[in-house]
Structure formats: C-alpha cells, structure tokens
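Before any comments, here is the structure.
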Amino acid sequence: DKQKRIDQLKQEQQIITDINVKFAQFLRQSAIAIFNNVYADYLDHFIEQEKIKKCVDPDNYDDEILKGIETSKIVYMEKIEAIKKAIENNDPSVPPISPEDISNLEEQLYTLPINGQTLKNIKDGAERGLTNVFRYEEKSYWRSLSGEGRFMNRFIRFIRSF
Numbered sequence: 001d002k003q004k005r006i007d008q009l010k011q012e013q014q015i016i017t018d019i020n021v022k023f024a025q026f027l028r029q030s031a032i033a034i035f036n037n038v039y040a041d042y043l044d045h046f047i048e049q050e051k052i053k054k055c056v057d058p059d060n061y062d063d064e065i066l067k068g069i070e071t072s073k074i075v076y077m078e079k080i081e082a083i084k085k086a087i088e089n090n091d092p093s094v095p096p097i098s099p100e101d102i103s104n105l106e107e108q109l110y111t112l113p114i115n116g117q118t119l120k121n122i123k124d125g126a127e128r129g130l131t132n133v134f135r136y137e138e139k140s141y142w143r144s145l146s147g148e149g150r151f152m153n154r155f156i157r158f159i160r161s162f
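Quick note: the sequence shown uses full-length UniProt numbering, first residue 1, plus one each step.
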C-alpha cells in the first residue's frame, strides 16, 4: 500500500512537471512575460527542506527522496532548455501550445487524485486575492452649504455657469 502511494505520487509529479514545461513553453512562445522559473524555485525549496531533514536525522533519512527531487529538477531544467532552444530556432518539431491547450492542461491538473484538489484550492485562493485587490467602491460625498463649504459650492456653481 505504501509503495502504491509512492508510485502514484511519482506519477503525479511527472504529470505536473510535464504540464509545467508546457506552461513555460506557452509563456515563452507567446512573449506574454519574461519567463520566471517558479517551478524550479519550488523544487529548490523542497531540495533544501530535504537536506535539512537529512542533517537533523541522517540515520533515518531516506536518500531516495532527495535524489528523486534533484533528478526531477534536472529533468525539468533539461526540458525547459530544449524548448527554449527550439523556440529560439523556430524548430517545427516543437508544436505551439494554444490558450485552449493551456486551459485543458490546467483542468488536467485539477483531476489528479492526490494533488488535484490542493492545486484547485491554490488557484481559487489566488483568484479571490486578485479580485479583492482590484475591487473598489466609488463613494460620493456632498458638501453642505453651511460654513466653510459655502465658498466651494459658490465656486462650483460659478464654474458650471460657463
């Protein structure tokens, strides 16, 4: 049962890596933004975390975990470099990725049995955050005709008369 779970996680990791490579290709080919390799940074973070775990308890640490993450990063970076060169050289063997393909790949991520719901929750949270950032309310304030507002109201009436 434990080995089955490990195999499922490895399979999902491979799918996530492949989809990330396609996302990177889409960003590069579309020149949407300067490519930022967040996935490699994410893998670096996990590599560092595993190194800490290994230092804390070297006798009980499974080296295969660290080796697996390091191998994943190497494979990912090799794929990214190959796509980068293919795009720069207009290589026809690398078919372009369409926005529709990206949408389908995104949905494929959400159907992953182990990590799909977590990825969906992260996306939904990010969208809610963006919505809150860009939401605003327009508020109108009317100044009274009494006191210090009298001059401003006369000034506004004067300007409107032209």
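Even glycine gets a Cβ: it sits at the ideal position worked out from N, Cα and C.
Small disclaimer: the values here were computed from a predicted structure and weren't measured.
DSSP places P99 within a helical segment (H, G or I) once states are collapsed to three.
By the neighbour-count criterion, in which a residue is buried when 16 or more other Cβ atoms sit within 10 angstroms of its Cβ, Y76 is buried. Around the beta carbon of Y39, 16 or more other beta carbons sit within 10 angstroms, so the residue counts as buried. Straight-line spacing of the CA atoms in E88 and E81 works out to 11 Å. Linking E106 to L112 through their CA atoms gives a straight-line distance of about 11 Å.
Closest option to T71, judged by alpha-carbon separation, among K2, I6, Q8 and Q14: Q14.
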